[in-house]
Amino acid sequence: MTGSTESHGLAGAGEMPERPRKQRSFTEFVADHHGEYMRSAMSRLRNLHDADEAVQIACVKLHAKWPVIEAHANPPALAMEIVNKSIIDYYRRRARLADREIPTGSSLPRTPSADDLLELRGYDRLDAARAFLEGRAPKQAECVRLRYLEEKSIAEIAEYLKIAPNAVKTNIHLGLKTLQALMDLPVPGKGGDS
């Protein structure tokens with residue numbers, strides 16, 4: 443009886459109960475990886491406000507699944523997978539809503555100019571190529587994304603994905619080669635005049 447009284451006395455004396463400690467580590471985890479989540483969202487949504495909203499929704503999902511994420515062998519990778527799926531869901535939901543939206547009042551959006559359309563024309567091919575690569579070779583797609591969108595080093599990617607640095611280099615090389623082929627881009631260093 444004395445031991446239980448002492449443990450209650452310690453908890454009352456300012457010691458943090460178990461639940462707040464997990465919430466604090468969740469907050470630190472999200473703070474450490476927020477930049478990665480935003481870069482991933484921006485690469486898909488191309489709008490800061492949409493990206494921010496998508497990441498906030500993803501963070502709510504991460505919080506709900508935090509015990510599972512925390513117990514996982516690679517929490518950052520699992521969390522990023524959840525974030526990416528949430529971003530895709532957000533994108534699909536926005537596309538469905540856009541079909542139903544009716545502009546009102548005098549604040550109608552301006553009609554896109556030819557220059558606006560020309561600026562965006564390359565994104566469709568890139569998005570299609572990235573989607574194909576993610577379906578066919580997810581490890582290559584992940585390595586390319588981490589290297590060029592997240593701006594991680596080879597060593598950081600290797601640690602993040604739990605693979606060898608040479609495997610990272612190979613996946614990046616093969617992924618870029620596939621993306622070039624899918625987008626019909628010229629191979630760098632190859633002259634067009636023969």
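Per the numbering used here, the very first residue in the sequence shown carries number 443; after that it's consecutive.
Heads up, the beta-carbon is just placed ideally off N, CA and C, and yes, glycines get one too.
- Residue state for lysine 604 is assigned as coil, using DSSP reduced to three classes.
- According to the DSSP assignment, glutamate 512 belongs to the alpha helix (DSSP H) that extends over 508-513.
- Contact check between the region 578-589 and the region 607-621: three or more CB pairs, one atom from each, fall below 8 Å, which counts as touching.
- In this chain, the alpha helix (DSSP H) harbouring glutamate 584 covers 580-586.
- For glutamate 592, the secondary structure class from DSSP, reduced to helix, strand or coil, is coil.
- Under the three-state reduction of DSSP output, aspartate 626 falls in the coil class, being neither helix nor strand.
- By the neighbour-count criterion, in which 16 or more other beta carbons inside 10 Å mark a residue as buried, valine 525 falls on the buried side.
- Under the 10 Å beta carbon count, arginine 578 is surrounded by fewer than 16 other beta carbons and is classified as exposed.
- Secondary structure at arginine 488: coil, using DSSP grouped into helix, strand and coil.
- In this structure leucine 624 is not in contact with alanine 537, their Cβ atoms being roughly 22 Å apart against a cut-off of 8 Å.
- Assignment of asparagine 516 by DSSP, reduced to helix, strand and coil, places it in the coil class.
- Alanine 483 is not a Cβ neighbour of alanine 473, given a cutoff of 7 Å.
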